[in-house]
Structures are given as C-alpha cells and as structure tokens.
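So the structure is just underneath, and the comments pick up after that.
Residue numbers (full-length UniProt numbering): 1 to 506.
Below, the structure is given as structure tokens:
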C-alpha cells in the first residue's frame, strides 16, 4: 500500500525517502485522486529541517464544493448499509493500519516533528478508535415512550445528521483527524476533511489511503488539502454550505469562536475542541517523585504542543521546594533531539511562528519578574525545555495557552487555593489531581471546571470509548467518543403512531 500517494504511483513516497515529493500529493474526492482544480500546489515543510517534506495539492473553494457534493450523494446509501457492513470497513482499516504502522509513524516524525515515542503513542490510539467506531454502528439506540393519548405509541429514533465537515489540527494530526470523522461515519454520516496546512499528509491524505485500501465506498470520505493562504476561504465555504449538517473542529479558541459564530447564524450544530490551560494540582499528601513524573509527561510530551498539555503546575506549599528541585533535575535530563532519534522526547517546534510566540511569552514573563530556572531559549527549530517560577496573574503566560515545552510552578497554601488557581482561567479542557488519597481526589475533581479530570494520572489522556471535550472556552455543544459522538452526529426523531381512531373535541 502506498501510504503517501502521488500522481505517479511507482515513485517512492516522501516517508520512505525522506526527500521532497517530485509530484504532488493529491486530493481525494469521490474515491479518486486528483490535482486541485486550479492545479496549484504548496510546500509542506519538515519542522526539523525547515525544508520541503512534500509538495501538496492546493485546493480551493471549487474543490471543497466538489467534495461536499460527493459526500452528499454518497450519504443515503452509506447510512442504509446494515451496521455489520459499515463496521467491517473499520475493522479492515484497523488491520491494515497495524500491518503498516511504521509508515504512519515515519510520516508523523518527518512531517510534524513528532518524537518517535510520541508518534508511536499516537499510532497506538488509531486501532482503538477504529474498533470503537465499529462498535458504535449498533449503539445509536432508540426509545419507546408512553403516551397520554389512548392507543398512541411514541418511538424515538436516531438518524445520521448527513454530511460532516471536519477541520483538524497539526499537533496530533493522525488521531485528531480520525477522531473528527470516524465516529460520524460509523453512525451513517459521510465526511469531508480539511486537514491543517502543516500536516496535510499525516492528518489527511494518509487516512484517505487507509480507507481506500479498506474498500470504503466512493464519496463516503473525502480529503481536500490547501495552503495557509486559502484556509479561510476553503473553511468558510465548508461551514456556509447548506449541504453540510455538522462541523467538527479541533483548533484554537480564537478560530473556534469564528467557526461557532458562523455556524450559529445558520443554526448548524458544531463539535468544538479548543484551547486549554490545563493544570496539574499536586496536593499536600502526594508522592513528590510520582507527581514530578506526571507533571513532566503532562507538560513536555510532544514539546507541549497538545491541547491537553499542562503548563500550570500547582503544588502544595509543603511540597513546593522539593517538587521544583526535582522537576528541574528531571527536565535537565532531556535536551532537544531530532525526532527520528529513539531517545527524542523534546523535538522541534512545528514552525517559526509558534517558536517565536513561545519565546515571546517566556521572555515577557521573565522581564516582568518571573524566574527561568532552566531553558528559556531557542535552539534552531527547537525550544529548550523550560521550568519557571514566580509567574503571576499580570503576565500573559499565566493566561495564554503556551503550546510549547514550558512549565511554571505555583505554590498553594491550601486545598481551596489550589482549586481556585486551577479554575483561574477561561479554559476548561483537561486537568490532573495528584494525591495519596484517591477518594479525596475524586471529591475535589467535581470542583475543577474542566471537561476531564484525571486523578493520579496525566492530563494528556484519551480513551476512544469515553466522551472527550471541554467546558468554558475549551469546548462547545458536542463531544467525541461513545455517547458524546451519538449525540453530536445524529438527529433525534420522534415518531408517534395512533393505533386506534382518536376522539377530537371538534
């Protein structure tokens, strides 16, 4: 299977050669691979070398409209398939993925700068999500409700929403793109995916090839890639198209707000996973060494470029000095490495815009009085892992999502103060509580304003069968996974049947 398809199938793929593709990676519309309608292309940049990784078709509004048309035509027949038939495609895709996983790992490493360990971790979620989708085909259950009218039977059923438009990010592109549409497909919807311009292959076309190999019917899943210059127009065309029934978006809160506003004007439902300022709360009875390990993983996995990453570590005063000392010692063990290095934990930042933004936030906090104990500087395409203290509410870094390998530690003098600090943010995606008493942690978890609270575990955690999503400025309306996906991607219909003639008053 050629997982990074070009217009000449005999040529080696980018992931296999590590070099720029000589022919463009194509769009996938209605079961066929085609160039962009205007034949434009753009360069997909390797974050480590800052050189082209691939040449990719640069789709425009006409391409997204073609993809939507294909999805609209394919949807009724896809929904009409028996659940066992639909689930078979997901099981087949899982088998193919597991037999070809190395190619997916390589794509993540080369296109997005994922460390080898992070890439393998991300890939471990894919078969789970595919098999969860297969199981979901039979879980959109209905109800039979009583009636106050003699002889009436009320049934409540769920049907597919229709076409789902998906806009996915670059940071966990393979999994987050898949999650954006696979549960919708399982429930009888069709989908059009516009992956990030920073991960058009690992977040887009590689998935099209996977489902093509699994035999998915034409038009059920479509991928349109485009450059940064065209993102706004292409995304707007998708959101505004009346044939699109749902929008599935993962990205920044600022862009998510625009998506929500535009969709709301059309009464179009959306599923949004947005930014986060995710706390790790270390209580006074925690094991410090374990808490440091949890905080390190939560803050520095994939260089902190994860929506669930923790950059705010809140530590009970009695453990604070020991925790800071041990966290600095732990972080100092990990210097930036090229992502293909098996020992790489800190790999490159996705692009120079993000690299400069991280540095600005750190330097601004330092200039305002915060202390940088470690890191705090750029190193080529990398940012040195950074530990800070003395961060206060008047600093931008306290409020903004950093999306980089930076953690700051704040002391708390009481349990109440720790919870207040955790909730002192507009965001509410994920969080962690580390404690020696799991019951205490479970009670406090109900006080944290986040869609997900993990007691004695990292806040970077996802299981495909659990509803994933946030509160406040981190999410809106729907969630992915299990019952959340059913609610998000189906319409509820009430059908009543009057089995005997009804007596009317006039």
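No residue lacks a Cβ here, since even glycine has one placed at the ideal position from N, Cα and C.
Because the structure is a prediction, the values reported are computed rather than measured.
Rounded to whole angstroms, what's the CA-CA distance from residue 94 to residue 131? Just pull it up for me.
7 Å
Select from 320, 391, 31, 463 the residue whose C-alpha is nearest the C-alpha of residue 218.
31
In terms of alpha-carbon separation, which member of 141, 153, 54, 97 lies closest to residue 127?
97
Neighbourhood of residue 324 by C-beta, 7 Å cutoff - its chain only, sequence neighbours within 5 removed
389, 409
Does the Cβ of residue 181 lie closer than 6 Å to at least one heavy atom of the ligand ZN?
Questions concerning the ligand ZN fall outside what the structure shown contains, since it holds no ligand whatsoever.
Going by Cα to Cα distance, which pick from 316, 200, 191 is closest to residue 169?
200
What residue does the beta strand (DSSP E) around residue 45 start on, and which one ends it?
41-45
On the DSSP bridge list, what partners appear for residue 312?
279, 408
What is the residue span of the alpha helix (DSSP H) that residue 454 lies within?
Looking at the DSSP string, residue 454 is not in any alpha helix (DSSP H); the run it does join, the beta strand (DSSP E), is 452-455.
Whole-number beta carbon distance between residue 186 and residue 137, since they are thought to touch under 8 Å:
5 Å
One or two residues paired with residue 272 in a DSSP bridge
249, 476
Just the Cα atoms here: how many angstroms apart are residue 202 and residue 340?
16 Å
Using a 10 Å radius around the Cβ and a threshold of 16 neighbouring Cβ atoms, would you call residue 232 buried or exposed?
exposed
Among 376, 414, 378, 364, nearest to residue 393 - alpha-carbon criterion:
364
Any idea what DSSP makes of residue 437, helix, strand or coil?
coil
Do the stretch 470-478 and the stretch 260-278 touch if we need at least three Cβ pairs shorter than 8 Å?
yes
Where does residue 341 sit, in a helix, a strand or coil, going by DSSP?
coil
For residue 134, which residues from the same chain have a beta carbon less than 6 Å from its beta carbon, with the 5 sequence-adjacent residues on both sides left out?
87, 90, 91
Just verifying my parser: in three-state terms, what is the DSSP assignment at residue 505?
coil
Per DSSP, the bridge partner or partners of residue 389
371, 409
Own chain partners of residue 356 with C-beta closer than 7 Å, once the 5 adjacent residues on each side are dropped
none
When 253, 455, 433, 352 are compared against residue 313, the one with the closest alpha-carbon
433
So residue 281 and residue 330 are supposed to be a Cβ contact under 8 Å. How far apart are they, rounded?
Incorrect: roughly 18 Å between the Cβ atoms, too far for contact.
Since residue 204 contacts residue 223 with CB under 8 Å, what's their CB separation in whole angstroms?
5 Å
Three-state secondary structure assigned by DSSP to residue 498:
strand
Specify the secondary structure class of residue 192 as computed by DSSP and reduced to three states.
strand
Alpha-carbon spacing of residue 184 relative to residue 275, whole angstroms
22 Å
Report the residue from 25, 82, 178 whose alpha carbon sits nearest the alpha carbon of residue 35.
25
Neighbourhood of residue 210 by C-beta, 7 Å cutoff - its chain only, sequence neighbours within 5 removed
93, 96, 97
Using C-beta distances below 6 Å, list every residue in its chain close to residue 395, excluding the 5 sequence neighbours before and after it, in chain order.
365, 368
Tell me the residue span of the alpha helix (DSSP H) that contains residue 163.
Premise fails: residue 163 lies in the beta strand (DSSP E), 163-167, not in any alpha helix (DSSP H).
Are there 16 or more other CB atoms within 10 angstroms of the CB of residue 452, so buried, or fewer, so exposed?
buried
Report the partner residues of residue 57 according to the DSSP bridge assignment.
41
Is residue 493 helix, strand or coil by DSSP?
strand
With DSSP collapsed to three states, give me the class of residue 151.
coil
Straight-line gap, residue 146 to residue 485 (C-alpha atoms, nearest Å):
27 Å
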